[in-house]
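Right, one structure below, let's go through it.
Protein chains: 2
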Amino acid sequence: MVVHRIIIKAFYDLYMNQNKLMPKSIIRTYSRYSREASLLLGELIRVARKERKLTAQEVADRAGISRGLLQRIEKGDLKCEIGAVFEVAVIVGVKLFDADETTLTRHIRQTEDKLSLLPKSVRRKSKVVHDDF
Amino acid sequence: MVVHRIIIKAFYDLYMNQNKLMPKSIIRTYSRYSREASLLLGELIRVARKERKLTAQEVADRAGISRGLLQRIEKGDLKCEIGAVFEVAVIVGVKLFDADETTLTRHIRQTEDKLSLLPKSVRRKSKVVHDDF
DNA sequence: CAATAATGATCCATATAAAGATCATAATAT
DNA sequence: ATATTATGATCTTTATATGGATCATTATTG
Chain A
14 MVVHRIIIKA FYDLYMNQNK LMPKSIIRTY SRYSREASLL LGELIRVARK
64 ERKLTAQEVA DRAGISRGLL QRIEKGDLKC EIGAVFEVAV IVGVKLFDAD
114 ETTLTRHIRQ TEDKLSLLPK SVRRKSKVVH DDF
Chain B
14 MVVHRIIIKA FYDLYMNQNK LMPKSIIRTY SRYSREASLL LGELIRVARK
64 ERKLTAQEVA DRAGISRGLL QRIEKGDLKC EIGAVFEVAV IVGVKLFDAD
114 ETTLTRHIRQ TEDKLSLLPK SVRRKSKVVH DDF
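Quick mapping for you: the protein sequence lines, in order, are chains A and B. At the far end of the first sequence sits residue 146, using our numbering, and the numbering has no gaps. At the far end of the second sequence sits residue 146, using our numbering, and the numbering has no gaps.
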């Protein structure tokens, strides 16, 4: 029943468009530092991939992502899942935090210890110091 | 015209569901290394935020993200935009690559130099070595 | 202890990232 | 030089991450 699908699709589009009038899109802005950190990570990945003589498709397959996403990652696109980026880094051998597995685990424990000493919640000074003058 | 919206919504749901029968969802799996790297980063962010006495809401606002997303970031959720994570890290003062802005820029240049020396594309050995026996 | 604020968790709607397909171009091996 | 393959770029569809609201719980201050 092709006609059904077409009609339903028309209503679907209608529904989608009625709210599309004001996209309310989220235009996110990034600091220079973030952009450069991401760019560097992407380039390190690309260098590592080539040094290991792996094609983009091979790495993408191993990481379980599309080649297109890998391209964006290597370009330092900030709108990528951090999980995908990290996974690719691992595959091509780029170390995160400059640490191996064991070191990573140790750092986690240290950080958790530190965290346990800090207050569970941050309390804003409820009242201004009552500036008497 | 509330009725219109309801009807249209019904068709919308119908349309969405006809394809939902086989979600074909992408269940991504992550390596232990990726999971721990992300967890560490999240915890470092949380520690830094508390040390600076910033509430979750304040940091979220400054980063232009929701408090919910910040929560996920601090928990090391791998399904977050890397841009959001990096931005938060910058705000609370967690250094990426253990480098300041200048160092970052220098590393980028070094990496690009390295990249320029590598072949533009990786070529798989087109033919197996013709295993004659 | 009481009051209040921060955090954690969950839900829904929607904006958007990702997959997949396709095309053009560039780069490598023979 | 030529054939072949990798890469880059763009488009559409679909899956999903995010924002925003709400509620319960926990912490902190006074």
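C-beta: ideal position from N, C-alpha, C; glycine also.
Validate contact between the region 122-141 of chain B and the region 80-96 of chain A using beta carbons, cut 8 Å, 3 pairs: no
Residue 40(B) burial status per 10 Å Cβ neighbour count (16 or more: buried): exposed
Which runs of the alpha helix (DSSP H) at least 4 residues long sit entirely within the region 46-83 of chain B? Give them in chain order. 69-76
Which residues mark the beginning and the end of the alpha helix (DSSP H) in which residue 126(B) is found? 114-130
Residue 113(A) versus residue 52(B) - alpha carbon distance: 14 Å
Determine, for residue 81(B), whether the minimum Cβ-Cβ distance to residues of chain A falls below 8 Å. no
Counting only Cβ pairs nearer than 7 Å, list the residues of chain A close to residue 60(B). 124, 127, 128, 131
Positions along the region 70-100 of chain A whose CB lies within less than 7 Å of some CB in chain B: 77, 91, 92, 93, 94, 95, 96, 98, 99, 100
To test your reading of the DSSP string, which unbroken alpha helix (DSSP H) runs of 4 or more residues are found completely within the region 87-117 of chain B? 95-105
If I measure Cβ to Cβ from residue 101(B) and keep anything under 7 Å in the same chain, skipping five residues before and after, which residues do I get? 58, 72, 76, 83, 86
Taking 8 Å as the threshold (C-beta atoms), are residue 92(B) and residue 56(A) in contact? no
Three-state class that DSSP yields for residue 41(A) in the structure shown: coil
Does DSSP put residue 135(A) in a helix, in a strand, or in coil? coil
Less than 8 Å separating the beta-carbons of residue 117(A) and residue 50(B)? yes
How many Å lie between residue 70(A) and residue 135(B) at the Cα? 11 Å
To the nearest angstrom, report how far apart residue 97(B) and residue 48(A) are at their CA atoms. 11 Å
Enumerate in chain order the residues of its own chain whose CB-to-CB distance from residue 65(A) is below 8 Å, with the five nearest sequence positions on each side excluded. 105, 106
Checking 8 Å against the spacing of the C-beta atoms, do residue 60(A) and residue 46(B) come in under that value? no
Residues in its own chain within less than 7 Å of residue 109(A) by CB, not counting five upstream and five downstream? 99, 102
Excluding the 5 residues flanking residue 120(B) on each side, which residues of the same chain have their C-beta closer than 8 Å to its C-beta? 110, 112
Nearest-angstrom beta carbon gap, residue 68(B) and residue 137(A) [assumed within contact, 8 Å]: 6 Å
So with Cβ pairs under 8 Å, would you call residue 107(A) a contact of chain B? no
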